[in-house]
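Structure first, then comments.
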Amino acid sequence: MMLEVKALSKRLPDGRPLLKGISFDVREGELVGIIGLSGVGKTVLLRCINRLTEPDGGEICLRCDGEEYRITGINGHKLRDIRRKFAMVYQDFNLVGRLTVLDNVLIGRLGRISTLKSMIKRFSLADKEEALEWLSRLGIENLAPRRAETLSGGEMQRVALARAMMQGCQVLLADEPVANLDPKTAEEVMGQLVEITEKNNLRTLAVMHQPELVRRYCHRVIAIKEGIVAYDGKADIDEQVLAHVYDKASGASKVA
Amino acid sequence: MNRSSLTSTTRLPALPKWLRFRYFAWALGIGAFVGAAAYLEFSPQALAEGAPRMINFVRQLFPPDIKVLPSLIAPALKTVLMAAVATVMAALMSLPLAVMAAGNTEMPKALRGISRLLIEVARVIPDVVFALIFITAVGLGPFPGTLAMAVHSVGMLGKLYREAMEEIDPGPPEAVKAVGATRLQVVRYAVIPAALPAMVSDTLYRFDINVRNSIIIGFVGAGGIGYRLIVAMRLFKYQELLMILLLILGIIWVTEKLSDRLRAAIFGQPLLR
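Protein chains in written order, with this note's numbering: chain A, 6 to 261; chain B, 1146 to 1418.
Put into structure tokens, the structure is as follows:
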């Protein structure tokens, strides 16, 4: 019952290797932080997992409900079907600003209703109720009729979380989910991220830049350095390891 | 840097090379302009000699013939309606074409090429030519004129809609795609909402242009205020002509104000709470 990433590799457009065989598992209900220097390929790694970016090699496999879904090597509607199980939240939230909050959450359901019905915004009452339910669980049901572009950053990220949950996702990929939030809001959103992950048995990967938030909220941490997994273990990561990951001790540049 | 500033204080620098050619370049430019004007049979002398006749003509325009105003209302309305119907039809045709033509909607390459070509063709062919084509099918009248404007407007609206779609932030469409949505769903839920303000603005702008164009289209038999204009000119009814021109001025002023108001009403204030 886990997400498996095996020997994932990806080259930059100029041919230089960026990810050189990344392997790890994420268990159900586990929030795994991904850390590493800027430009090391953390975001690319996340995007390879739901194939927004095409990996050059390796395998990604999701085991859930007694079935095994291979994400690599499929295309078209099969890929779309699988993508529903992978939700993504972003540093800049990526809500559709001119739609209401409710519509933004309902977007999570698009993969499950017919294209024709969705063209005239025909969501079922049950879908709308579920959307409101997620909003209220995140404490923002009063925002439902507001236009998304009028919200604050913290509110936007919660709407993005509600959209992700509307997908009925198994895997949650969070790309620097709290990087654009103030410290207090960041703590709140991280708290909700852990809660959602544990309650819904998600496998959550979060690219993070604040080691103290990783220590406090993540169950485990994976550090990437020079294209490989440099550390995979407890979230309460040692200062020494951290210094190694961020090249503090050596002072060496990542530009090799 | 330092050295050159030093020398400039001690000694006047020699005239740069390009400066020596400056007067020559000016002479060349002025000469080209005068030559072109002469080729176009410009004659200040003829203009000066004819000035009294011109003043006489302008004098004949006054006073505007207010008595004809009631008979102009119906043709004026026809002209505005032609523009409105043509703009709506053009918008309806342009939207699917622009979706197919835009580079960020991931439509099949063949469709993209065909729709771009159609938009280009619609723009290159003047609406008067489209009008002649449709007149051969359905005869004279406002119908072929309106069709002609609609088709020609697709050339501009299709291109502007496409640009509006291509200029949006790529984040939200990608987020919708990541949900497992189809390409059409991405267009419906992320691309069009983001591009809509620009698209509405483009459409109102095109409506302004079409009001002007429907006057011209009236010359070639589509009727409306343009037809009255050409008739008044041919019959030397200059006072009626001035009345028509004043009315056209009024129509254009009103449509501009209206579309400004509409724009402000839609986008001036975000819909809060």
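In this text, a Cβ means the ideal position worked out from N, Cα and C, and glycines have one as well. Fair warning: this is a prediction, and the values are worked out from it, not measured in the lab.
Would you check if the distance between the CB atom of residue i and the CB atom of residue j is smaller than 8 Å?
i, j, result
"E73 (chain A)", "T209 (chain A)", "no"
"M1294 (chain B)", "S1359 (chain B)", "yes"
"L24 (chain A)", "L13 (chain A)", "yes"
"V37 (chain A)", "I242 (chain A)", "no"
"I27 (chain A)", "V45 (chain A)", "no"
"I1361 (chain B)", "G1368 (chain B)", "no"
"L111 (chain A)", "A149 (chain A)", "no"
"R85 (chain A)", "G116 (chain A)", "yes"
"T1291 (chain B)", "V1376 (chain B)", "no"
"A153 (chain A)", "T190 (chain A)", "no"
"I1340 (chain B)", "I1313 (chain B)", "Looking at the sequence provided, one finds Ala at residue 1340 (chain B) rather than Ile. Yes, these two residues count as a Cβ contact at 8 Å."
"S1239 (chain B)", "V1299 (chain B)", "yes"
"E1401 (chain B)", "D1353 (chain B)", "yes"
"Q172 (chain A)", "R89 (chain A)", "yes"
"Y1334 (chain B)", "V101 (chain A)", "yes"
"V1345 (chain B)", "I1397 (chain B)", "no"
"L1206 (chain B)", "L1387 (chain B)", "yes"
"F91 (chain A)", "L178 (chain A)", "yes"
"D1210 (chain B)", "Q1330 (chain B)", "no"
"L121 (chain A)", "L143 (chain A)", "no"
"I39 (chain A)", "V212 (chain A)", "yes"
"M93 (chain A)", "A1323 (chain B)", "yes"
"R1379 (chain B)", "T1232 (chain B)", "no"
"E193 (chain A)", "G159 (chain A)", "yes"
"N147 (chain A)", "E33 (chain A)", "no"
Enumerate in chain order the residues of its own chain whose CB-to-CB distance from residue i is below 8 Å, with the five nearest sequence positions on each side excluded.
i, result
"A261 (chain A)", "Because the pLDDT of A261 (chain A) is 38, which lies under 50, any placement of that residue in the model is unreliable, and the number read from its coordinates should be weighed accordingly. If we look at A261 (chain A) and ignore the five residues flanking it on each side, its Cβ neighbours are E231."
"Q96 (chain A)", "D180, E181, P182, A184, N185"
Note down, in chain order, every chain A residue with its Cβ under 8 Å from the Cβ of residue i.
i, result
"Q1339 (chain B)", "Residue 1339 (chain B) is actually Ala in this sequence, not Gln. Result: V101, G102, R103."
"P1317 (chain B)", "N99, L100, V101, G102"
Pull up the DSSP beta-bridge partners for residue i, would you.
i, result
"D180 (chain A)", "A:V212"
"D237 (chain A)", "A:I227"
"I40 (chain A)", "A:A228"
"R75 (chain A)", "A:C66"
"S1188 (chain B)", "Note: S1188 (chain B) sits in no beta bridge, so no partner."
"R16 (chain A)", "A:P22"
"G92 (chain A)", "Sequence inspection shows Ala at residue 92 (chain A); the Gly mentioned does not correspond to that position. According to DSSP, which records beta bridges pairwise, A92 (chain A) is partnered with A:L177."
Cutting at 7 Å between CB atoms, please list the residues of its own chain near residue i, excluding the five before and the five after it.
i, result
"H214 (chain A)", "E181, A184"
"S1260 (chain B)", "L1242, M1245, A1246"
"C53 (chain A)", "L13, K15, P60"
"I1389 (chain B)", "L1217, I1370, R1373, L1374, A1377"
"W1171 (chain B)", "none"
"N109 (chain A)", "L100, V101, A153, V164, R168"
Return the CA-CA distance between residue i and residue j, expressed in angstroms with no decimal places.
i, j, result
"F1288 (chain B)", "H1297 (chain B)", "14 Å"
"K126 (chain A)", "K133 (chain A)", "11 Å"
"V49 (chain A)", "I1278 (chain B)", "55 Å"
"F1257 (chain B)", "G1248 (chain B)", "Position check: residue 1257 (chain B) holds Arg in this sequence, whereas Phe was assumed. Going by the C-alpha atoms only, they are around 8 Å apart."
"L247 (chain A)", "G41 (chain A)", "9 Å"
"A1159 (chain B)", "K47 (chain A)", "59 Å"
"R1268 (chain B)", "P1253 (chain B)", "23 Å"
"A1326 (chain B)", "I118 (chain A)", "9 Å"
"E1186 (chain B)", "I1200 (chain B)", "22 Å"
"G63 (chain A)", "T77 (chain A)", "8 Å"
"R1307 (chain B)", "V1321 (chain B)", "20 Å"
"Y1184 (chain B)", "A1177 (chain B)", "10 Å"
"R151 (chain A)", "P1317 (chain B)", "17 Å"
"A1236 (chain B)", "A169 (chain A)", "34 Å"
"P1161 (chain B)", "L1173 (chain B)", "20 Å"
Below 6 Å CB to CB, which residues in the same chain sit around residue i once its five sequence neighbours on both sides are set aside?
i, result
"R1328 (chain B)", "E1251"
"L218 (chain A)", "M195"
"G1366 (chain B)", "L1285"
"F128 (chain A)", "L111"
Going along chain B in order, which residues have a C-beta closer than 7 Å to the C-beta of residue i?
i, result
"Y95 (chain A)", "G1316, A1320"
"L130 (chain A)", "None at all; the shortest Cβ gap to chain B is about 19 Å."
"T120 (chain A)", "T1327, L1329, Q1330"
"L57 (chain A)", "E1319, A1323"
"L8 (chain A)", "Near L8 (chain A) there are no residues of chain B at all, since even the closest Cβ is about 16 Å away, more than 7 Å."
Could you name the residues of chain A that residue i contacts, counting a contact when the two beta carbons are closer than 7 Å?
i, result
"T1291 (chain B)", "Those do not exist, as T1291 (chain B) stays about 28 Å from chain A at its closest Cβ, beyond 7 Å."
List the residues of chain B whose Cβ lies closer than 9 Å to the Cβ of residue i, in chain order.
i, result
"M124 (chain A)", "L1329, Q1330, R1333"
Taking residue i as the query, report the chain B residues whose CB atoms sit under 8 Å from its CB, ordered along the chain.
i, result
"R89 (chain A)", "V1324, G1325"
"R85 (chain A)", "G1325, A1326, T1327"
"G113 (chain A)", "V1324"
"G116 (chain A)", "V1324, G1325, A1326"
"Q172 (chain A)", "V1324, G1325"
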